[in-house]
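J.: Below is one structure. I have some questions about it.
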Amino acid sequence: MIDLQQIHKTFGAFTALDHVSLSIPRGRMVALLGPSGSGKTTLLRIIAGLEHADGGIIRLDGQDATDLSARDRRIGFVFQHYALFRHMTVADNVAFGLKVRPRDSRPSKDEIRERVSTLLKLVHLDGLAGRYPTQLSGGQRQRVALARALAVEPRLLLLDEPFGALDAQVRKDLRRWMRRLHDDMGLTSVFVTHDQEEALELADDVVVMSHGRIEQIGTPADIYDNPATPFVYQFLGNATRLAATVQGGTAHLNGWQIPATAPDGAAVAFIRPHDWTLEDAAAGANATLRHASVLGSSLRLDVTLEDGQDIEVDIRRDAGQAVPAAGSALRLTPNRVAVFPATA
Amino acid sequence: MSKRSLRDHSATRLSLVALTVVIVLLFLLLPLAQVLQQAFAKGPAVFWHSLQGEDPLAAIRLTLLVAAISVPLNLVFGLAASWAITKFDFPGKSLLVSLIDLPFSVSPVISGLIYVLLFGAHGFLGPWLIEHNLKIIFAVPGIVLATVFVTFPFVARELIPLMEEQGREEEEAALVLGASGWRTFWSVTLPNVKWALLYGVLLCNARAMGEFGAVSVVSGHVRGLTNTMPLHVEILYNEYDFVGAFAVASVLALLALVTLGIKSAVEWWHRDELAATRRH
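Going line by line, the protein sequences match chains A and B. Start counting the first sequence at 0; every next residue gets the next number (numbering that gives the first Met the number 0). Start counting the second sequence at 0; every next residue gets the next number (numbering that gives the first Met the number 0).
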């Protein structure tokens with residue numbers, strides 16, 4: 000169990016982390032998701048002890064670790080560019096964490112060799128023990144870095160943009176493999192990413208960060224279904240942002256009246272493309288189709304609302320169904336709308 | 000690529016190679032051959048004889064002694080400075096970086112004069128030194144100090160760009176894996192820079208043995224006592240003892256070749272590791 004309370008960190012005039020509190024239960028895989036400069040990597044480095052927080056408390060398994068050196072935290076860290084020891088072979092890289100232990104807790108040479116070979120098998124690199132890091136591909140290097148971090152049996156595994164430097168196909172395969180490894184070994188892991196798809200696919204919990212603050216913490220389903228702030232909506236993408244006006248608990252948008260908790264005045268509304276219902280235009284059209292395209296089993300409609308705002312609409316399409324012509328009048332009703340005050 | 004452009008390429012390559020060979024012959028090998036030719040102008044017996052005296056031997060001994068003291072000192076200073084500059088942040092860092100370059104930007108003669116002004120009989124610390132019967136200027140300590148100063152940047156200048164480029168991540172990785180700072184230095188930082196360090200030490204050594212200007216100012220040219228090889232060469236040359244001058248000069252050149260030879264040998268022994276770790 001990792002517990003962070005009110006972690007604060009500034010670099011000169013820049014506030015990297017603004018009183019961040021976060022709790023990570025054992026066995027979970029947590030994603031720190033945010034754009035660059037949101038403080039996610041700084042938070043990861045503070046947990047590892049590579050950076051010292053200006054304020055706040057870090058507890059590892061109930062023990063106060065705020066002033067504990069990175070050496071003594073027993074945390075595995077996989078660096079974005081792996082940071083493999085370039086002058087050591089793969090086997091020596093993996094063995095490093097065991098070899099540097101104080102004499103009384105250091106395993107014997109045979110035990111170390113045994114452990115290294117088990118770990119290399121685990122990451123499917125058994126044949127490459129004698130290679131140097133420069134002789135490996137990106138995916139192989141990443142797995143060496145992982146094996147090296149796991150060799151010390153860390154209570155927590157931290158990964159900084161673990162798939163960032165890999166090409167698309169390798170990234171996909173490694174992601175799945177990493178998730179299986181996490182489950183099989185019963186690890187507790189935190190990884191940093193700016194890729195929302197990666198976070199939603201891989202993590203048990205997603206922590207969305209922006210400007211040094213946590214915007215939302217939740218399961219991938221939570222985060223996708225109920226984004227807590229306009230930022231989360233925009234960062235996850237796949238939502239149209241529309242201007243609306245709130246009056247007495249009701250948002251007015253293109254003639255629709257939507258219940259809203261936002262205060263009176265200008266507001267922004269977010270609607271996902273698949274949260275629309277297409278009705279019979281005979282009941283009164285409220286939008287015009289600009290362009291329609293077939294995306295496999297769905298139909299993507301580029302639509303201009305009566306009030307002039309452009310939206311995207313995805314609707315299910317049955318085989319053989321006619322594609323509506325550009326310029327036709329439509330009647331649309333939003334199913335789910337999130338309304339926020341316009342200033343946020 | 001067409002045949003034509005291939006031919007153009009090989010023509011370019013050939014002329015570049017030819018140019019390099021000519022330059023090496025003209026400016027490196029020819030002077031070296033000339034030194035040897037002059038040294039043996041009156042036969043090997045005279046050459047041998049002119050190295051036998053008290054003074055040439057004392058000059059060789061002194062030069063080796065000065066190099067033996069100043070090179071290890073600058074190895075440690077240079078390594079420590081580069082480590083501090085590239086792996087840590089502290090106030091005054093850019094000032095330290097410019098200070099390291101100072102010996103390169105100041106004329107060696109000026110460096111020598113500064114030591115005279117500081118430690119000489121009429122210098123700032125002169126009276127105190129005389130009182131305590133310590134001799135620095137016109138003695139071996141002064142020569143060592145001047146040499147250390149002049150050769151200070153070589154190791155640091157080799158290491159800083161490389162360590163800058165390597166960054167701090169490997170050290171951080173070692174730390175997270177539980178290594179102490181000392182252990183990290185010996186098993187991560189040092190092995191990563193050992194070739195640059197070797198190269199810096201060789202340059203430092205070459206300059207330490209060959210330094211003329213600064214040493215000339217502080218030495219006082221006392222034969223058999225404070226004459227290094229370059230100073231001795233000059234004295235002999237000014238006395239029209241060309242064989243003697245070139246004999247000592249050829250020994251100095253030989254020492255340089257020996258250092259180069261050691262470097263090549265070390266690289267050859269570690270050729271596999273070099274090939275594996277240098278490829279990117």
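The C-beta atom is built at its ideal place from N, Cα and C for all residues, glycine as well. Every value quoted in this text rests on a predicted model; they were computed, and no experiment measured them.
#1: Just curious, the alpha helix (DSSP H) that S104(B) is in, first and last residue?
#2: Please identify the residue among T14(A), F10(A), Q5(A) and A12(A) whose C-alpha is closest to the C-alpha of L21(A).
#3: Alpha helix (DSSP H) containing V216(B): first to last residue?
#4: Should S186(B) be labelled buried (16 or more other beta-carbon atoms within 10 Å of its own) or exposed?
#5: Under a Cβ-count criterion, where at least 16 other Cβ atoms within 10 Å of its own Cβ denotes burial, should P30(B) be classed as buried or exposed?
#6: Can you tell me whether H231(B) is helix, strand or coil according to DSSP?
#7: Can you tell me the Cα-Cα spacing of V322(A) and R289(A), whole angstroms?
#8: So, is V20(B) buried or exposed, given that buried needs 16 or more other C-beta atoms within 10 angstroms?
#9: Could you spell out where the beta strand (DSSP E) holding F84(A) opens and where it closes?
#10: Report yes if the C-beta distance between T62(B) and M208(B) is below 8 Å; otherwise report no.
#11: Going residue by residue through the stretch 123 to 173 of chain B, where are the continuous beta strand (DSSP E) segments of at least 3 residues, counting only ones entirely within it?
#12: Three Cβ pairs or more, each shorter than 8 Å: is that satisfied between the stretch 269 to 282 of chain A and the stretch 297 to 313 of chain A?
#13: What is the DSSP secondary structure of T260(A), counted as helix, strand or coil?
#14: Round the Cβ separation of I46(A) and I1(A) to the nearest angstrom and send it over; I've been treating them as touching at under 8 Å.
#15: Per DSSP, what kind of secondary structure is E214(A) in: helix, strand or coil?
#16: Can you find the residues in the same chain that come closer than 7 Å, C-beta to C-beta, to T192(A), ignoring five residues on each side of it along the sequence?
#17: Identify the residues that DSSP records as bridge partners of G75(A): which are they?
#18: Do V122(A) and A90(A) have their CB atoms nearer than 8 Å?
#19: Using DSSP with H/G/I as helix, E/B as strand and the rest coil, what is H273(A)?
#20: At a CB distance below 7 Å, what residues from the stretch 75 to 109 of chain A approach chain B? Give them in sequence order.
#21: Starting from A324(A), find everything on chain B with Cβ-Cβ shorter than 9 Å and list it in chain order.
#22: Measure the beta-carbon distance from V147(B) to T225(B) and round it to whole angstroms, keeping in mind my assumption that it falls under 8 Å.
#23: When you compare only the Cα positions, how much space is there between A281(A) and R25(A)?
#24: Would you mind sorting S93(B) into buried or exposed? The rule is 16 or more other CB atoms within 10 Å of its CB.
#25: Assuming P333(A) contacts I270(A) (C-beta within less than 8 Å), just tell me the rounded distance between them.
#26: Of the residues V293(A), E305(A) and D71(A), which one's Cα is nearest the Cα of A324(A)?
#27: Just the chain B side, please: which residues come within less than 7 Å of V151(A) by C-beta, in chain order?
#28: With 8 Å as the threshold, decide whether the Cβ of A173(B) is near any Cβ in chain A.
#29: Three or more C-beta pairs under 8 Å: does that hold for the stretch 195 to 215 of chain A against the stretch 169 to 178 of chain A?
#30: Taking only the alpha-carbon atoms, compute the straight-line gap between Q165(B) and A94(A) and give it to the nearest angstrom.
#31: Starting from E311(A), trace the beta strand (DSSP E) in both directions and tell me its first and last residue.
#32: Can you grab the Cα-Cα spacing for the pair W127(B) / L230(B), in whole Å?
#33: Could you tell me which of R212(A), Q141(A), A284(A) and R240(A) sits nearest to T41(A), measuring between CA atoms?
#34: Less than 8 Å between the CB atoms is what I'm expecting for L83(A) and A144(A), so what's the real figure, rounded?
#35: Examine chain A for any beta-carbon lying closer than 8 Å to the beta-carbon of M0(B), and answer yes or no.
#36: Can you say whether Y239(B) is buried or exposed, counting buried as having 16 or more other CB atoms within 10 angstroms of its CB?
T.: Taking the definition as stated:
#1: Working through the second sequence from its first residue, we reach residue 104(B) at position 105. That run of the alpha helix (DSSP H) goes K92 to S104.
#2: Position 22 of the first sequence holds residue 21(A). Cα-wise, what sits closest to L21(A) is Q5(A).
#3: In the second sequence, the residue the question calls residue 216(B) occupies position 217. From DSSP, the alpha helix (DSSP H) with V216(B) extends over G212 to S218.
#4: Position 187 of the second sequence holds residue 186(B). Buried, because 16 or more other Cβ atoms sit within 10 Å of the Cβ of S186(B).
#5: One-based indexing of the second sequence puts residue 30(B) at position 31. With fewer than 16 Cβ atoms within 10 Å of its Cβ, P30(B) is classed as exposed.
#6: Locating residue 231(B) in the second sequence gives position 232, where the first residue counts as 1. Correct three-state label for H231(B): helix.
#7: Here residue 322(A) is taken as the residue at index 323 of the first sequence, counted from 1. Here residue 289(A) is taken as the residue at index 290 of the first sequence, counted from 1. The alpha-carbon atoms of V322(A) and R289(A) are separated by roughly 12 Å.
#8: Locating residue 20(B) in the second sequence gives position 21, where the first residue counts as 1. By the 10 Å Cβ count, V20(B) comes out exposed.
#9: Your numbering for residue 84(A) matches position 85 in the first sequence. Unbroken run through F84(A): none, as it is neither H nor E.
#10: To locate residue 62(B), count along the second sequence from 1; it is residue 63. To locate residue 208(B), count along the second sequence from 1; it is residue 209. Yes, the Cβ-Cβ distance between T62(B) and M208(B) is below 8 Å.
#11: none
#12: yes
#13: Mapped onto the first sequence, residue 260(A) falls at position 261. Looking at T260(A) - three-state DSSP - the assignment turns out to be coil, as it is neither helix nor strand.
#14: Position 47 of the first sequence, counted from the start, is the residue given in the question as residue 46(A). Position 2 of the first sequence, counted from the start, is the residue given in the question as residue 1(A). Contact flag correct, Cβ pair sits at about 7 Å.
#15: Taking the first sequence and counting its residues from 1, one reaches residue 214(A) at position 215. The answer is strand: DSSP assigns E214(A) an E or B state.
#16: Here residue 192(A) refers to the residue found at position 193 of the first sequence. Correct list, in chain order: A30, L32, E160 and A198.
#17: As a working mapping, residue 75(A) is identified with position 76 in the first sequence. L156(A), per the DSSP bridge assignment.
#18: Counted from its first residue, the first sequence places residue 122(A) at position 123. Counted from its first residue, the first sequence places residue 90(A) at position 91. It is not a contact, given that the beta carbons lie outside the stated cut-off.
#19: Counting from one through the first sequence, the residue named residue 273(A) turns up at place 274. In the structure shown, H273(A) sits in coil (DSSP, three-state: anything other than H, G, I, E or B).
#20: F76, F78, H80, A82, F84, R85, H86, F95, G96, V99 and R100
#21: Position 325 of the first sequence, counting from 1, holds the residue named residue 324(A). Result: empty, since nearest Cβ-Cβ is about 53 Å, beyond 9 Å.
#22: Within the second sequence, numbered from 1, the residue matching residue 147(B) stands at position 148. Within the second sequence, numbered from 1, the residue matching residue 225(B) stands at position 226. At roughly 16 Å, the Cβ-Cβ gap does not stay under 8 Å, so V147(B) and T225(B) are not in contact.
#23: Against the first sequence, residue 281(A) aligns to sequence position 282. Against the first sequence, residue 25(A) aligns to sequence position 26. Distance between the alpha carbons of A281(A) and R25(A) is about 57 Å.
#24: To locate residue 93(B), count along the second sequence from 1; it is residue 94. Result: exposed.
#25: Position 334 of the first sequence holds residue 333(A). Position 271 of the first sequence holds residue 270(A). Sure, about 5 Å apart at Cβ, within 8 Å.
#26: Locating residue 324(A) in the first sequence gives position 325, where the first residue counts as 1. When only C-alpha atoms are compared, the closest one is V293(A).
#27: Working through the first sequence from its first residue, we reach residue 151(A) at position 152. L176 and G177, listed in chain order.
#28: On the second sequence, position 174 is the one that residue 173(B) refers to. Judged by the 8 Å Cβ criterion, A173(B) is in contact with chain A.
#29: yes
#30: Translated into positions along the second sequence, residue 165(B) becomes position 166. Translated into positions along the first sequence, residue 94(A) becomes position 95. So the two alpha carbons sit approximately 22 Å from each other.
#31: As a first step, residue 311(A) is located in the first sequence; it is residue number 312 there, counting from the start. Taken as a continuous stretch (DSSP letters only), the beta strand (DSSP E) holding E311(A) covers D309 to R315.
#32: Numbered from 1 along the second sequence, position 128 holds the residue referred to as residue 127(B). Numbered from 1 along the second sequence, position 231 holds the residue referred to as residue 230(B). Going by the C-alpha atoms only, they are around 29 Å apart.
#33: Numbered from 1 along the first sequence, position 42 holds the residue referred to as residue 41(A). Nearest option by C-alpha distance: R212(A).
#34: As a first step, residue 83(A) must be located in the first sequence, where it is residue number 84. As a first step, residue 144(A) must be located in the first sequence, where it is residue number 145. Contact holds; Cβ gap of about 6 Å.
#35: As a first step, residue 0(B) is located in the second sequence; it is residue number 1 there, counting from the start. Per-residue confidence for M0(B) stands at a pLDDT of 47, beneath the threshold of 50, marking its modelled position as unreliable; no derived number is given.
#36: Along the second sequence, one-based indexing puts residue 239(B) at 240. It counts as exposed.
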